[in-house]
Structures are given as structure tokens and as C-alpha cells.
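Heads up: the sequence shown begins at 6 in the numbering used here, then just goes up one per residue.
Even glycine gets a Cβ: it sits at the ideal position worked out from N, Cα and C.
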Amino acid sequence: MGIGEPTPSVVTLNCVMAGLGATAALNLFVNLTGKFQAASQLYDAASGIVFTATPVHEPGCDICDGRQGVKALGDMQVVSAYD
6 MGIGEPTPSV VTLNCVMAGL GATAALNLFV NLTGKFQAAS QLYDAASGIV
56 FTATPVHEPG CDICDGRQGV KALGDMQVVS AYD
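Structure follows, in C-alpha cells:
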């Protein structure tokens, strides 16, 4: 109340994400689901399905190649105003 900006959150999606996070945390401590909890999960809100994501590193890709890919080039930039 009293703020001119609309609320940016979507309540139902926040609840889904909080529930998935709570389930993952409980699974770590008490094995709630009885099986391995994948570290990378994606939620498709349109279909209501949670699925695991597996990274694919394509050889020769300019971004994700293990040896030649571009990674962390920001670390090579000067960020200090005193250098």
C-alpha cells in the first residue's frame, strides 16, 4: 500500500519454487523422496512438470567447449579505478 509500482512477483510460481527448494532440502537431510535428488531441475509452468537438466558441452563450441570455450573473461578486465 502506498507504493506506485506494481508488485513484481508471481505468487503461485514463488510457492512452487519454495516447495521444490524445501523438498530438496528435506531430501538432503532425511531422504524424503527415497531417491537421488538431481541438482539441476527445471520447472515448466505451462505443463506443471519438473524435469532434470543435464549440461551438454559440444566440442568446438565457442562458449561451452571444455578447452577452447570462452569462460570468465570478465576476470581479465580491470575493475579498479586505481590501476
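Task: Nonlocal neighbours in the same chain, by C-beta distance under 8 angstroms from T57, ignoring five residues either side - done: The answer, listed in chain order, is A43, S45, Q46 and L47.
Open item on the list: If I measure Cβ to Cβ from P64 and keep anything under 7 angstroms in the same chain, skipping five residues before and after, which residues do I get?
Closed with: Only D70 meet the Cβ criterion.
Open item on the list: Which residue marks the beginning of the beta strand (DSSP E) containing F41, and which one marks its end?
Closed with: First-last for F41: undefined, no H or E at that position.
Task: V15 beta carbon near the ligand SAM (any heavy atom closer than 6 angstroms) - done: With respect to small molecules bound, the structure shown includes none, and the ligand SAM cannot be examined in it.
Task: Three-way DSSP call (helix, strand, coil) for T59 in this model - done: It is coil, neither helix nor strand.
Open item on the list: Report the CB separation of A50 from L18 in whole angstroms; it is logged as a contact under 8 angstroms.
Closed with: 6 angstroms
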